[in-house]
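These protein sequence lines map, in sequence, to chains A and B. Using numbering that gives the first Met the number 0, the letters of the first sequence correspond one by one to residues 0 to 338. Using numbering that gives the first Met the number 0, the letters of the second sequence correspond one by one to residues 0 to 360. All residues carry an ideal CB built from backbone N, CA and C; glycine is no exception. In this text the structure is predicted, and so the values were computed from the model without any measurement. Just below is one structure, and these are the notes that go with it.
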Amino acid sequence: MSQDTILLAHGSGGKLTHDLIRAVFVKHFRNPWLDRQDDAAVWALTASTETRLALTTDCYVVQPIFFPGGDIGRLAVCGTVNDLAMVGAQPLYLTAGFILEEGLPLVDLERVVVSMAQTAREAGVEIIAGDTKVVDRGSADSLFINTAGIGVLPAGISISGANAQPGDVVILSGPIGAHGLAILSQREGLRFSFPLNSDCAPLNGLVDAMLKADARIHCLRDPTRGGLATTLNELATQSQVGIEIEEACIPVPEGVKAACELLGLDPLYVANEGKLVAIVPPPAEDSVLAAMHGHQYGQQAAVIGRVTSAHPRRVVLRTTLGAHRVLEMLTGAQLPRIC
Amino acid sequence: MKYIDEFRDPGAVQRLLTSIHNRSSRPIRLMEFCGGHTHAILKFGLRQLLPPSIRLLSGPGCPVCVTASTDLDRAIAMAHLPDLILTTFGDMMRVPGSQGSLQDAKAQGADVRMVYSTLDALSIARANPDRQVIFLAIGFETTAPTVAAAVLQAQAEGLDNFSIFSLHKLTPPAMKAILEAGEVQLSGIIGPGHVTTVIGSNAWHFLPRDYGIPCAIAGFEPLDILQAVYALVDMVERGAPAVSNAYRRSVRPEGNLVAQQMMQQVFQVSAAEWRGLGSVTDSGLSLRSEYAAFDATRRFPVAVHSSLEPRGCLCGEVLRGVVEPPECPLFDGACTPEHPVGPCMVSSEGACAAYAQYGEA
């Protein structure tokens, strides 16, 4: 029965989401751009020009719409800007579609729109087209936003989740888990004695600095829903390589660690909205890492592992105690423990 | 992080492992009662680090997994009643019953809501005075006191739209049932940490006394578990079974008397149906007659057909420690975390889910 209907778990960003995309969307829309399974589609304007464009779209349905460190509007701009940045594109223009539920306070809508405008300014993009629909009370959960974005790719850049090579270095731009726990704590009214703020941020500036340091970056991906573990699995599968990660090298803030312990969650599967994973060839490691450390969103960047030709399509984690285990994709949603 | 990092210190873990390797001279089989232990053991890769002569078997300590199919089917039938909200902990949503799961019932229109605590269910009842709210109360001695507290709170507030479907289970009778069945020969038991915090380590004295089996209570960090393993190896080697407490920062011999008193005030001990073990005498908690107004089984009687276990599923055998998850013919084939056939693959404390999620490299 579960396989015949859409369940909430199909939206978790984990394995069920990937299965759904493959079994329904890619199956019927099939084309070379979708087949690449990158965060944005890239194509050349004409056969003779070096200018390439990148296009992406995303929907935002987060609850609550305001949370510590961000809101649905900031998320909607950052998410699309970041999808463009993850193929190495410079984001230029965004569109914004709003589905508003009858009864939504106008002040809330305006607060979200102001936040979008501020975030767009921070990212250096313009929101140049949009649409608004209002639906009956109960037909939407206060406010849904869709954003699409278009960007340009400088010549000489080739970034894809399929480009990882054995021997490459895996870099994480900073501590993980803050966004998912900030949302969870706000939604469920959980209070902790330490601050848990979303890391929601536009990453195009960071990517720009990294590419200026060394344009040979192979893969970029932001570990959003499904967390770091799911993202690494995506990259391993796309590139048909193995990835080996050191648990001790993965930065996890103390507050996130403590909240995860309390709730029985694994920070490796918790969503982020302002982090990226970069896979770079060894000669680029030092310069890319230095560039990241010099940017406000990459100050705590760290090498967390390497790409290997052993165990293709599998991510293996070396635990802090020296044992090895396979790191799978998220299946369903993470749930707090009972016992 | 204070109180966590100390218990994951690689140096201390290595020293303890060396002690275990040095002390262990014969093959032994230890059962970790608690699903939380199974997950910690696989998550930290402890099986790889222990001597191969020490075999660890999972036990019946996953509250979601031991819920019988018939009880789950009754909960699903209740969820479909009109003007009713059924609340439960998250993992219960995905467990397949005879005709789908609570998650499926939700997708079909039933109002099923995941809560993080019983008090959340009370809040939902307060916010929906024109609808009945049932809390599907699963769990061992760990969660029963909080559910008892919620019933007392509902009574104090005069909430007449709140009730619970109590599927609470008691752990010592389940352990006895496994030992009495004699299907697995065990050298020792890694006792459940959170449960024993409530019932006290004295509750496990029957293991050395009646069965000659040592028990070591463990917390959920690598050092906790390895300390318990060392204590068990040592007791086996000395031939001196006893109850050892390797979780002293949480567990006292007498347990948490306030929690016990609250449980006894609201619940009475009764027989309970366990997946894998069948009906076990004195292993469940039902509401005392004084609290009948909060008993969902009395207020919303539903009839269900006799439920069948999924064909080929060995969850029952896994829960009794008779087979390890990879020995089930469905494991990682027909039964996966995204399309689970049995509850042990669903629950975040289930043994099959632990093996699937933390597969050894």
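Residues near Asn244(B) in its chain [Cβ-Cβ closer than 7 Å; skip 5 each side] | Taking the second sequence and counting its residues from 1, the one referred to as residue 244(B) is at position 245. Cβ neighbours of Asn244(B) beyond the five flanking positions: Ser200, Ile216, Val250.
Where Tyr115(B) sits in the DSSP three-state scheme | Locating residue 115(B) in the second sequence gives position 116, counting from the first residue. Tyr115(B): coil per DSSP, three-state reduction.
For Asp72(B), which residues from the same chain have a beta carbon less than 6 Å from its beta carbon, with the 5 sequence-adjacent residues on both sides left out?
-> Along the second sequence, read from residue 1 onward, the residue named residue 72(B) stands at position 73. So the list reads Gly96, Ser97, Val303, Ser306, once near-sequence residues are dropped.
Spatial neighbours of Ser285(B) in its chain, beta-carbon cut-off 7 Å, leaving aside the 5 residues before and after | As a working mapping, residue 285(B) is identified with position 286 in the second sequence. So the qualifying residues of the chain are Ser165, Phe266, Gln267, Ser269.
Listing by chain order, which chain B residues have their CB less than 9 Å from the CB of Glu327(A)?
-> Walking along the first sequence from the start, residue 327(A) turns up at place 328. Under the 9 Å cutoff, chain B gives Pro336, Ala355, Gln356, Tyr357, Gly358.
Specify the secondary structure class of Ala258(B) as computed by DSSP and reduced to three states.
-> Taking the second sequence and counting its residues from 1, the one referred to as residue 258(B) is at position 259. Helix, per DSSP.
Would you list, in chain order, the members of the stretch 33-62 of chain B that have their beta-carbon closer than 9 Å to a beta-carbon of chain A?
-> Cys33, Gly34, Gly35, His38, Leu41, Lys42, Phe43, Gly44, Leu45, Arg46, Gln47, Leu48, Gly60, Cys61, Pro62
For Ser18(B) and chain A, any beta-carbon pair shorter than 8 Å?
-> The sequence position of residue 18(B) within the second sequence is 19, counting from 1. No, no contact with chain A.
Among the residues of its own chain, which have a CB less than 6 Å from the CB of Gly148(A), if the five just before and after it don't count?
-> Residue mapping note: residue 148(A) aligns to position 149 of the first sequence, counting from 1. Once the five neighbours on either side are set aside, the close Cβ partners of Gly148(A) are Thr55, Thr79, Leu83, Pro90, Leu93.
Out of Gly277(B), Gln264(B), Ala271(B), state which residue places its alpha-carbon closest to the alpha-carbon of Ser288(B).
-> Within the second sequence, residue 288(B) is the residue found at index 289, counting from 1. Of the listed residues, the one whose Cα sits closest to Ser288(B) is Gln264(B).
Three-state class that DSSP yields for Phe43(B) in the structure shown = Taking the first residue of the second sequence as 1, we reach residue 43(B) at position 44. Correct three-state label for Phe43(B): coil.
Rounded to whole angstroms, what's the CA-CA distance from Asp265(A) to Val61(A)? Just pull it up for me.
-> In the first sequence, residue 265(A) corresponds to position 266, counting from 1. In the first sequence, residue 61(A) corresponds to position 62, counting from 1. Near 21 Å, if we compare the C-alpha coordinates of Val61(A) and Asp265(A).
Enumerate in chain order the residues of its own chain whose CB-to-CB distance from Ile212(B) is below 8 Å, with the five nearest sequence positions on each side excluded.
-> Walking along the second sequence from the start, residue 212(B) turns up at place 213. Excluding sequence neighbours, Ile212(B) sits near Leu178, Leu185, Ser186, Gly187, Ile188, Leu206, Pro240.
Thinking C-beta only, is Val168(A) closer than 8 Å to Glu243(A)?
-> The residue labelled residue 243(A) in the question sits at position 244 within the first sequence. The residue labelled residue 168(A) in the question sits at position 169 within the first sequence. Cβ distance not < 8 Å, so Glu243(A) and Val168(A) don't count as in contact.
Three-state class that DSSP yields for Ala67(B) in the structure shown = In the second sequence, counting from the first residue as 1, residue 67(B) sits at position 68. Coil.
How about Ile170(A) and Asn271(A): do their beta carbons lie closer than 8 Å?
-> To locate residue 170(A), count along the first sequence from 1; it is residue 171. To locate residue 271(A), count along the first sequence from 1; it is residue 272. For Ile170(A) and Asn271(A), no; Cβs fall outside 8 Å.
Measure the alpha-carbon distance for His38(B) versus Val183(B) and round it to whole angstroms.
-> Position 39 of the second sequence holds residue 38(B). Position 184 of the second sequence holds residue 183(B). When rounded, the distance between both Cα atoms is 21 Å.
Answer with yes or no whether the minimum CB distance from His292(A) to chain B is below 8 Å.
-> Numbered from 1 along the first sequence, position 293 holds the residue referred to as residue 292(A). For His292(A), the answer is no, since every Cβ of chain B falls outside 8 Å of its Cβ.
Below 8 Å on the Cβ atoms is my guess for Pro191(B) versus Cys33(B); work out the distance and round it to an integer in Å.
-> Taking the second sequence and counting its residues from 1, the one referred to as residue 191(B) is at position 192. Taking the second sequence and counting its residues from 1, the one referred to as residue 33(B) is at position 34. The pair is a contact, with the Cβ atoms about 4 Å apart (cut-off 8 Å).
Going by DSSP, name the residue or residues bridged to Lys256(A).
-> The sequence position of residue 256(A) within the first sequence is 257, counting from 1. Bridge partners of Lys256(A): none, in fact.
Compare the beta carbon distance of Ile137(B) and Met91(B) with 8 Å and say whether it is the shorter of the two.
-> Here residue 137(B) refers to the residue found at position 138 of the second sequence. Here residue 91(B) refers to the residue found at position 92 of the second sequence. Yes; because the gap between Cβ atoms is below 8 Å, this pair is in contact.
Is there at least one Cβ from chain A nearer than 8 Å to Val232(B)'s Cβ?
-> Here residue 232(B) refers to the residue found at position 233 when the second sequence is read from its first residue. It does not; no Cβ of chain A falls within 8 Å.
Nearest neighbour of Glu156(B), chosen from Ser122(B), Val322(B), Ala176(B), Thr196(B) [CA to CA] = As a first step, residue 156(B) is located in the second sequence; it is residue number 157 there, counting from the start. It is Ser122(B).
Does DSSP classify Met77(B) as helix, strand or coil?
-> Position 78 of the second sequence, counted from the first residue, corresponds to residue 77(B). Reduced to three states, the DSSP call for Met77(B) is helix.
What does Val12(B) reach in chain D if we use C-beta pairs closer than 7 Å?
-> In the structure shown, chain D does not exist; the protein chains are A and B.
Taking Cβ-Cβ distances shorter than 7 Å, what residues in chain B pair up with Thr330(A)?
-> Locating residue 330(A) in the first sequence gives position 331, where the first residue counts as 1. Correct list: Pro336, Glu337.
Give the DSSP-derived three-state secondary structure of Pro59(B) in the structure shown.
-> Counting from one through the second sequence, the residue named residue 59(B) turns up at place 60. Residue state, collapsed to three classes: strand.
Does the beta carbon of Ala176(B) sit closer than 8 Å to a beta carbon anywhere in chain A?
-> Indexing the second sequence from 1 puts residue 176(B) at position 177. Cβ-Cβ to chain A under 8 Å: no for Ala176(B).
Cross-chain neighbours of Leu15(A) in chain B, by beta carbon under 7 Å = Indexing the first sequence from 1 puts residue 15(A) at position 16. Here the neighbours are Glu337.
If we count the other Cβ atoms within 10 Å of its Cβ and call it buried at 16 or more, is Glu327(A) buried or exposed?
-> The sequence position of residue 327(A) within the first sequence is 328, counting from 1. Buried.
Span separating the alpha-carbon of Asp8(B) from that of Leu29(B) | Translated into the one-based positions of the second sequence, residue 8(B) becomes position 9. Translated into the one-based positions of the second sequence, residue 29(B) becomes position 30. When rounded, the distance between both Cα atoms is 24 Å.
Would you mind telling me which residues of chain B sit closer than 7 Å to Glu187(A), beta carbon to beta carbon, in chain order?
-> If you number the first sequence from 1, residue 187(A) lands on position 188. Going along chain B in sequence order, the residues near Glu187(A) (Cβ under 7 Å) are Tyr115.
So which residues on chain B does Asp140(A) lean against when the C-beta distance must stay under 9 Å?
-> Taking the first residue of the first sequence as 1, we reach residue 140(A) at position 141. By Cβ distance, chain B contributes nothing, its closest Cβ being about 14 Å from Asp140(A), past 9 Å.
Between the Cα of Ser100(B) and those of Asp82(B), Met77(B), Met234(B), spot the shortest distance and give me the residue it belongs to.
-> Taking the first residue of the second sequence as 1, we reach residue 100(B) at position 101. Of the listed residues, the one whose Cα sits closest to Ser100(B) is Met77(B).
Give the secondary structure of Thr146(A) by DSSP, where H, G and I count as helix, E and B as strand, and everything else as coil.
-> Counted from its first residue, the first sequence places residue 146(A) at position 147. Looking at Thr146(A) - three-state DSSP - the assignment turns out to be strand.
Excluding five sequence neighbours on each side, which residues of the same chain lie with their C-beta closer than 6 Å to the C-beta of Thr131(A)?
-> Start at 1 with the first residue of the first sequence, and residue 131(A) comes out as number 132. Closer than 6 Å at Cβ, skipping near neighbours: Phe97.
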